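Numbering (the working numbering), first residue to last: 6 to 110.
All C-beta atoms in this analysis are idealised placements derived from N, C-alpha and C, irrespective of residue type, glycine included.
This structure is a prediction, so every number in the text was calculated from the model and none was measured.
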């Protein structure tokens with residue numbers, strides 16, 4: 006038996022961003038589109054959009070900046086606040102590991 010820890014960022018004391026939403030933001034920053042990020046994670050586009058909207062509602066700030074598609078499709082990038090969330094989540098994960106705990110990814 007082993008003990009594992011699930012890391013969440015909270016808004017108003019409620020867990021809002023865990024491993025899945027962290028993975029979504031990382032994938033958006035690397036893929037450059039919400040669609041590409043969703044495909045990478047095996048998520049539907051709608052589920053990815055709803056996850057972004059839930060983050061933005063919970064924190065009251067934009068997390069992802071999107072540009073509508075054209076012939077080459079749309080683009081997406083993290084806002085400064087979105088990048089801050091990713092950095093904070095990574096810092097928390099590092100802290101968990103430094104304490105000898107195993108996070109659930």
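| task | Measure the alpha-carbon distance for residue 93 versus residue 78 and round it to whole angstroms. | result | 30 Å
| query | Going straight from the alpha carbon of residue 67 to that of residue 103, what length do you get? | reply | 31 Å
| Can you tell me the Cα-Cα spacing of residue 85 and residue 7, whole angstroms? | 37 Å
| message | Give me the residue from 89, 107 and 55 with the minimum Cα distance to residue 14. | response | Of the candidates 89, 107 and 55, 89 places its Cα closest to the Cα of residue 14.
| said: As an exercise, report each continuous alpha helix (DSSP H) stretch of at least 4 residues that is fully enclosed by the stretch 31-80, in chain order. | reply: 39-46 and 50-64
| Which first and last residues belong to the alpha helix (DSSP H) in which residue 101 is found? | 85-103
| field | Endpoints, the beta strand (DSSP E) within which residue 5 is located | value | Limits of the chain in this structure are 6 at one end and 110 at the other, which puts residue 5 out of reach.
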